[in-house]
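Take a look at the structure below.
Numbering (this note's numbering), first residue to last: 658 to 1137.
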């Protein structure tokens, strides 16, 4: 069994010796008992790199066989999808992987061949020791500072059930099980595993434990009266490895940095503070990944002004340009709605009064532009608050404009009939010539904008709590 110190040495050695490779990986296979024309998909997520993913779709031929040529940037986990089932597989750039399966046993029973066979045989054995759920909707989310992090429900159940000593023992035992699987394979055939896969799986094992212990201490600190010395284990965890394709490593970095920023007490610098702090701990691809990610987070959570100096710094000093498209595209979209920019034109026929209005006709008023949907519980709850706020807002010269992104017009109108909601009401899809949700770059709800009396986008409050938004709207109406 490899000692832990050697494992860390291997990770650090790989960091210094490896560089990004790019190539086409080939996945070929046969799906027994399937039908000619059935679809096979290879899903390659690389959001961490460029905020995107690739999906390669082919059909089974007359021999129930398929071949997919996939563009792979980093050694990482990808997913072979057949029907409702998916098989996680590991691919290096320029890998070849042969897959044989029976549709009635997929993805539980799969045979691997080709250059990447050994990597994926070990991956299959390793996965059986894990509680990983790749369906994000099955996970629970916790907020640390100004950002949300996810945990598998099964892991969270262990956190709720086990006090500190027992949970530490549980996390250590899970890591021990994983390394036992790895070590047995290494003893039998270590020479057939690729170096990048060894680095990836060691990172997964080490940082899965570290992530779970860190989340336990951060989320349940008060529940279990966790003292600062609990976090001494962090000193044993390497901060820089080159396995950027390891989801466990990336999650650990994000939670570690978020917790450190919360500890600093500077909540108004949550994103920029992490950007600056990361420069003292990280280097190379680890630094480029983290800084691009924290800029993306800030742009995605309405903290454009806070992170803008960091964005400019990143473009000037970053040594890994492959991480730049992720944030430059987001900058171009976000900057259109930065404070001080003129708000796009919008308007239509209000549902309640059947009268037409535009943002121009509301000139001189501050506009609370609220995007919502009837199926969004958080949206509806937030609108209840603004129903109560509406007299105070009206007295201050603030107008509420609600734009629903519902696809079903009946659901929207029924909700407005059942609950008298304050403000103007438009249905986004009824105005294709304006495409209002798309015009404002709204891809998810709840989302809102504050438009000043001069027609320009105004700065939002740091918090998205209804009372904080109310106070900010009144400040804007007073010209602050």
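For glycine and all other residues, C-beta sits at the position ideal for the given N, C-alpha and C.
Out of 748, 870, 1110 and 1079, the CA that lies nearest to the CA of residue 1017 is found in 1110. For residue 935, the secondary structure class from DSSP, reduced to helix, strand or coil, is helix. Going by beta carbons, residue 914 and residue 952 fall outside the 9 Å limit. One alpha carbon belongs to residue 1135, the other to residue 911, and they sit about 38 Å apart.
One thing to note: residue 687 has its Cβ within 9 Å of the Cβ of residue 723. For residue 974, the enclosing alpha helix (DSSP H) stretches over residues 961-974. With a threshold of 16 other beta carbon atoms within 10 Å, residue 959 meets it and is buried.
Counting only the Cα atoms, residue 1128 lies some 42 Å from residue 901. Counted as a single uninterrupted DSSP element, the alpha helix (DSSP H) harbouring residue 1130 occupies residues 1123-1134. Along the stretch 997-1081, the beta strand (DSSP E) occurs as fully enclosed runs of 3 or more residues at 1004-1006, 1013-1015, 1023-1029 and 1055-1061, listed in sequence order. Distance from the CA of residue 1087 to the CA of residue 1020, rounded to the nearest whole angstrom, comes to 23 Å. Collapsing the DSSP output to three states places residue 752 in coil.
A direct Cα-Cα distance of roughly 22 Å separates residue 968 from residue 916. When Cβ pairs closer than 8 Å are counted between the two stretches, the stretch 784-796 is seen not to touch the stretch 746-762, the count staying below three. Counting C-beta atoms within 10 angstroms of its own C-beta, residue 802 has 16 or more neighbours from the protein chains shown and is therefore classed as buried. Residue state for residue 688 is assigned as strand, using DSSP reduced to three classes. In the DSSP secondary-structure assignment, residue 728 is bridged to 681. Shown here, residue 910 sits in a helix according to DSSP, grouped into three states. Residue pairing by DSSP places residue 713 opposite 699 in a beta bridge. The stretch 804-817 and the stretch 883-895 do not touch, with fewer than three beta-carbon pairs separated by less than 8 Å.
With a cutoff of 9 Å on beta-carbon distance, residue 957 and residue 987 are scored as near each other.
Residue 761 sits in coil when the DSSP states are folded into three classes, being neither helix nor strand. Straight through space, the alpha carbons of residue 1031 and residue 1075 are spaced by roughly 12 Å.
If you look at residue 798, you'll find it in the beta strand (DSSP E) that goes 796-801. Annotated three-state conformation of residue 1105 is strand, per DSSP. Under the DSSP definition of a beta bridge, residue 1113 partners with 999. With fewer than 16 other beta carbons inside 10 angstroms of its own, residue 794 counts as exposed. Secondary-structure assignment with DSSP links residue 770 through a beta bridge to 755. Taken through DSSP and simplified to helix, strand or coil, residue 899 comes out as coil. Residues 812 and 828 of the same chain have their beta carbon placed closer than 7 Å to that of residue 869, with the five preceding and five following residues left out of the count.
The continuous beta strand (DSSP E) containing residue 736 extends over residues 733-739.
Assigned with DSSP and collapsed to three states, residue 1118 falls in coil, not helix or strand.
Per DSSP, residue 956 is not a residue of any beta strand (DSSP E); the alpha helix (DSSP H) it occupies stretches across 941-957.
Rounded to the nearest angstrom, the Cβ distance from residue 931 to residue 918 is 5 Å, consistent with a contact under 8 Å. With respect to residue 964, residue 929 sits close: the two C-beta atoms are nearer than 9 Å. With a threshold of 16 other beta carbon atoms within 10 Å, residue 831 meets it and is buried.
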